[in-house]
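Asker: Residue numbers (my numbering): 656 to 964.
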Amino acid sequence: MEKTFDKNSVLQRRGTNVSAADEDSARAAAAFCRLYELIRILRAPGGCPWDREQTPETMRRDLVEEVFEAVDAISSDDAPHAKEELGDVFLNTTMISYMFRQRAERGQSGWTLDQALDELVEKLIRRHPHVFEQSEGKAVADKDVNTSAQVLAQWDKIKEKVEGREQKSILDEVPQGFPPLLRAYKMQKKAAKKGFDWPSLEPTRAKILEELKEVDEAAAVCASPSAAGNPDRARAHLEEEVGDLFFAAVNYARKLGVDPELAMNAANKKFYKRFSYVEQKCAERGVEMVQENLDKMDAFWNEAKGEEN
Numbered sequence: 656m657e658k659t660f661d662k663n664s665v666l667q668r669r670g671t672n673v674s675a676a677d678e679d680s681a682r683a684a685a686a687f688c689r690l691y692e693l694i695r696i697l698r699a700p701g702g703c704p705w706d707r708e709q710t711p712e713t714m715r716r717d718l719v720e721e722v723f724e725a726v727d728a729i730s731s732d733d734a735p736h737a738k739e740e741l742g743d744v745f746l747n748t749t750m751i752s753y754m755f756r757q758r759a760e761r762g763q764s765g766w767t768l769d770q771a772l773d774e775l776v777e778k779l780i781r782r783h784p785h786v787f788e789q790s791e792g793k794a795v796a797d798k799d800v801n802t803s804a805q806v807l808a809q810w811d812k813i814k815e816k817v818e819g820r821e822q823k824s825i826l827d828e829v830p831q832g833f834p835p836l837l838r839a840y841k842m843q844k845k846a847a848k849k850g851f852d853w854p855s856l857e858p859t860r861a862k863i864l865e866e867l868k869e870v871d872e873a874a875a876v877c878a879s880p881s882a883a884g885n886p887d888r889a890r891a892h893l894e895e896e897v898g899d900l901f902f903a904a905v906n907y908a909r910k911l912g913v914d915p916e917l918a919m920n921a922a923n924k925k926f927y928k929r930f931s932y933v934e935q936k937c938a939e940r941g942v943e944m945v946q947e948n949l950d951k952m953d954a955f956w957n958e959a960k961g962e963e964n
């Protein structure tokens with residue numbers, strides 16, 4: 656595609672004078688202008704039928720999927736793939752933003768992308784009073800901010816005292832739409848900020864063993880004749896105890912400094928790789944993949960593990 660905007664035209668449109676030292680910013684601005692113009696063309700009459708049919712609501716799943724694909728590429732330390740996937744994230748966020756602009760143009764509830772970005776920049780300046788002298792956050796800023804923990808504590812104070820975002824519960828800051836594993840992790844981090852956290856790993860680990868025992872007990876009840884009178888209640892209790900077990904495991908991961916979402920993603924990838932190997936070997940050697948051949952499949956699984964080392 657021909658570059659519609661060069662550096663000078665972008666800077667003129669922004670009404671900004673920059674030096675040669677800002678060349679990188681100018682290139683990024685020019686590239687973003689090209690993306691925005693492309694989206695405008697795709698969404699315009701005579702553009703792409705698929706793009707024109709989309710709404711912010713229909714694009715939600717695409718956005719989530721692209722973010723996870725970007726995270727996967729970053730976790731794999733695959734720079735070219737990360738570049739591609741983060742580009743797709745930019746596409747989705749910019750496309751959705753343009754849709755809100757179109758809503759505003761039709762007199763509906765909406766906003767423009769420049770408004771969203773300007774609001775973001777103002778928020779970042781406000782929440783970094785230790786960097787920007789003009790920050791509104793100076794009113795409640797701490798005198799000495801030298802560590803990441805101090806920065807995060809000050810960030811929360813500015814949200815509450817300057818921006819008026821005080822919530823009934825600090826847990827209200829965690830979106831209910833988060834995937835359950837991520838929401839558990841985020842809620843635990845919020846609670847820990849308020850001092851609601853075990854001081855060491857041992858009680859956190861012990862909680863997992865306690866919850867596992869309760870899962871076993873609930874499972875035994877489900878399998879017993881006593882559950883026949885109310886099987887739904889027994890099953891619901893088992894589900895509750897399994898949830899508690901997962902929650903405890905997420906907490907243990909957090910205490911170890913491990914993001915459970917990233918760890919689970921890595922485990923899924925590992926399982927996919929090893930199971931695919933088992934499928935391949937079974938097909939090559941004519942082994943039917945049934946329970947009766949579990950020993951053979953386990954042997955292939957161990958082969959796959961050995962090839963990873």
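We treat Cβ as the ideally placed atom computed from N, Cα and C, and that holds for glycine.
Just the Cα atoms here: how many angstroms apart are Arg668 and Ala685?
Answerer: Note that Arg668 scores a pLDDT of 47, beneath 50, so its modelled location is shaky and nothing firm can be said.
Asker: Could you tell me if Ser752 is buried or exposed, where buried requires 16 or more neighbouring beta carbons within 10 angstroms of its beta carbon?
Answerer: Flag for Ser752 reads buried.
Asker: Can you list, in chain order, the residues of its chain whose CB lies under 7 Å from that of Phe660, leaving out five sequence neighbours each side?
Answerer: Reliability of the predicted coordinates at Phe660 is poor, the pLDDT of 42 falling under 50, and no value is obtained from them.
Asker: What's the call for Met944, buried or exposed, on a 16-neighbour Cβ count within 10 Å?
Answerer: Looking at its Cβ environment, which holds fewer than 16 other Cβ atoms inside 10 Å, Met944 is exposed.
Asker: If you follow the alpha helix (DSSP H) that Glu828 is part of, which residue opens it and which one closes it?
Answerer: Taken as a continuous stretch (DSSP letters only), Glu828 belongs to no alpha helix (DSSP H), as it is neither H nor E.
Asker: Apply the 10 Å Cβ neighbour rule to Thr713 and answer buried if 16 or more other Cβ atoms are within range, or exposed otherwise.
Answerer: The residue in question, Thr713, is exposed, as its Cβ has fewer than 16 Cβ neighbours within 10 Å.
Asker: By Cβ distance, which residues of its chain are closer than 6 Å to Lys812, with the 5 residues on each side in sequence left out?
Answerer: Closer than 6 Å at the Cβ level, and outside the excluded window around Lys812, lie Val795.
Asker: For Glu692, does the count of other Cβ atoms within 10 angstroms reach 16, so buried, or fall short, so exposed?
Answerer: Result: exposed.
Asker: Can you look up Gln763 in the DSSP assignment and give me helix, strand or coil?
Answerer: Gln763: coil per DSSP, three-state reduction.
Asker: Which of helix, strand or coil does DSSP assign to Trp853?
Answerer: In this structure, Trp853 counts as coil in the three-state DSSP scheme.
Asker: For Asp770, which residues in the same chain have their Cβ closer than 8 Å to its Cβ, ignoring the five residues on either side in sequence?
Answerer: Per the sequence shown, residue 770 should be read as Gln rather than Asp. So the list is empty, once near-sequence residues are dropped.
Asker: Express the C-alpha separation of Ala737 and Glu721 in angstroms, rounding to a whole number.
Answerer: Their backbone Cα atoms lie some 11 Å apart in a straight line.
Asker: Within its chain, find whatever has a CB closer than 6 Å to the CB of Ala889; leave out the 5 residues flanking it on each side and keep chain order.
Answerer: Around Ala889: Val876, Cys877, Ala882.
Asker: Hey, Asp852 and Ala861 are a contact pair by Cβ (cut 8 Å); roughly how many whole angstroms apart?
Answerer: With 8 Å as the limit, Asp852 and Ala861 do not qualify as a contact, their Cβ atoms being about 15 Å apart.
Asker: Using the rule of at least 16 other Cβ atoms within 10 Å of the residue's Cβ for burial, across every protein chain shown, is Tyr927 buried or exposed?
Answerer: Exposed, by the Cβ-count rule.
Asker: By DSSP, does Asn885 sit in helix, in strand, or in coil?
Answerer: In the structure shown, Asn885 sits in coil (DSSP, three-state: anything other than H, G, I, E or B).
Asker: In its own chain, which residues sit with a C-beta less than 8 Å from the C-beta of Asp914, not counting the 5 before and 5 after it?
Answerer: Hits under 8 Å: Tyr840, Ala908.
Asker: Starting from Gln843 and walking both ways along the alpha helix (DSSP H), at which residues does that stretch end?
Answerer: Start and end: 835-848.
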